[in-house]
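Residue numbers (the UniProt record's numbering): 1 to 228.
Every residue gets a Cβ at the ideal spot worked out from N, C-alpha and C, and that includes glycine.
Worksheet for the structure shown next.
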């Protein structure tokens, strides 16, 4: 099954960005439903592609998508809608760790994958592995599969030394990360191309060595014994 993001979907998002109010949205609800259906179909096809080489917990394109309504309770931007289609696909736990993110919008289409907000126990386990195996980490992060699709690992970092670790650790630059995340951006032309689905799938597939490594790390203790 192949699918692509239609130009009319981008046209709707552009108009929503310029007319971000409830009256306009309600008057153009049919256009929204058409655009949403297009992205759901695209995500259905993407999930099917990915399940040929991975196992996803997310069952459908519809279930993968976030709401378009903006949560304004704690936001500076009080616009009622978020003019994008965004989604998240979770790998099948507990054996497979990590997830895949996508953001579709004119001028800012991108994909991401990794560990954006690891739990405290997972974060400590990751840092312990970095301390024990810094060479493996650097080799993995410098691999062609990762650098050719994502460049460098990104994510929030602490400004000081993480508690329980040494400022003199040779891998202190990696230990400061509290998110282990990778992103790739696409131009509008790329996002509207019939090949976009295949390119996103290929990009996600390139992170598998990192995910496989992290699944082993988070599924075992420092002695390599399974965590129960």
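Under a Cβ-count criterion, where at least 16 other Cβ atoms within 10 Å of its own Cβ denotes burial, should residue i be classed as buried or exposed?
{"i": "residue 120", "result": "exposed"}
{"i": "residue 38", "result": "buried"}
{"i": "residue 109", "result": "buried"}
{"i": "residue 127", "result": "buried"}
{"i": "residue 97", "result": "buried"}
{"i": "residue 204", "result": "buried"}
{"i": "residue 118", "result": "buried"}
{"i": "residue 201", "result": "buried"}
{"i": "residue 40", "result": "buried"}
{"i": "residue 53", "result": "exposed"}
{"i": "residue 129", "result": "buried"}
{"i": "residue 5", "result": "buried"}
Just the C-alpha distance for residue i and residue j, rounded to the nearest angstrom, thanks.
{"i": "residue 75", "j": "residue 82", "result": "12 Å"}
{"i": "residue 175", "j": "residue 16", "result": "41 Å"}
{"i": "residue 144", "j": "residue 77", "result": "39 Å"}
{"i": "residue 207", "j": "residue 215", "result": "12 Å"}
{"i": "residue 173", "j": "residue 64", "result": "33 Å"}
{"i": "residue 123", "j": "residue 185", "result": "26 Å"}
{"i": "residue 194", "j": "residue 33", "result": "21 Å"}
{"i": "residue 43", "j": "residue 220", "result": "32 Å"}
{"i": "residue 165", "j": "residue 213", "result": "22 Å"}
{"i": "residue 61", "j": "residue 51", "result": "13 Å"}
{"i": "residue 196", "j": "residue 104", "result": "11 Å"}
{"i": "residue 112", "j": "residue 24", "result": "31 Å"}
{"i": "residue 182", "j": "residue 18", "result": "30 Å"}
{"i": "residue 178", "j": "residue 147", "result": "20 Å"}
{"i": "residue 210", "j": "residue 198", "result": "20 Å"}
{"i": "residue 157", "j": "residue 163", "result": "13 Å"}
Tell me the DSSP secondary structure of residue i in three-state form.
{"i": "residue 183", "result": "strand"}
{"i": "residue 140", "result": "helix"}
{"i": "residue 31", "result": "helix"}
{"i": "residue 12", "result": "helix"}
{"i": "residue 68", "result": "coil"}
{"i": "residue 3", "result": "coil"}
{"i": "residue 240", "result": "This structure does not reach residue 240, given that the chain is present from 1 up to 228, and the question cannot be answered."}
{"i": "residue 107", "result": "coil"}
{"i": "residue 95", "result": "coil"}
{"i": "residue 154", "result": "strand"}
{"i": "residue 42", "result": "helix"}
Roughly how far, in whole angstroms, is the beta-carbon of residue i from the beta-carbon of residue j, given that I think they are within contact range, below 8 Å?
{"i": "residue 10", "j": "residue 31", "result": "That pair is no contact at about 12 Å."}
{"i": "residue 57", "j": "residue 91", "result": "6 Å"}
{"i": "residue 20", "j": "residue 80", "result": "7 Å"}
{"i": "residue 88", "j": "residue 69", "result": "No, residue 88 and residue 69 are not in contact; Cβ-Cβ is about 16 Å, not under 8 Å."}
What is the residue span of the beta strand (DSSP E) that residue i lies within?
{"i": "residue 167", "result": "No beta strand (DSSP E) contains residue 167, which DSSP labels as neither H nor E."}
{"i": "residue 101", "result": "99-104"}
Taking 8 Å as the line, does the beta carbon of residue i fall inside it for any heavy atom of the ligand NAP?
{"i": "residue 89", "result": "In the structure shown, the ligand NAP is absent, as is every other ligand, since no ligand is present at all."}
List the endpoints of the continuous alpha helix (DSSP H) containing residue i.
{"i": "residue 214", "result": "208-219"}
{"i": "residue 86", "result": "Note, residue 86: premise wrong, no alpha helix (DSSP H); beta strand (DSSP E) at 85-90."}
{"i": "residue 204", "result": "196-205"}
{"i": "residue 125", "result": "120-132"}
{"i": "residue 189", "result": "188-191"}
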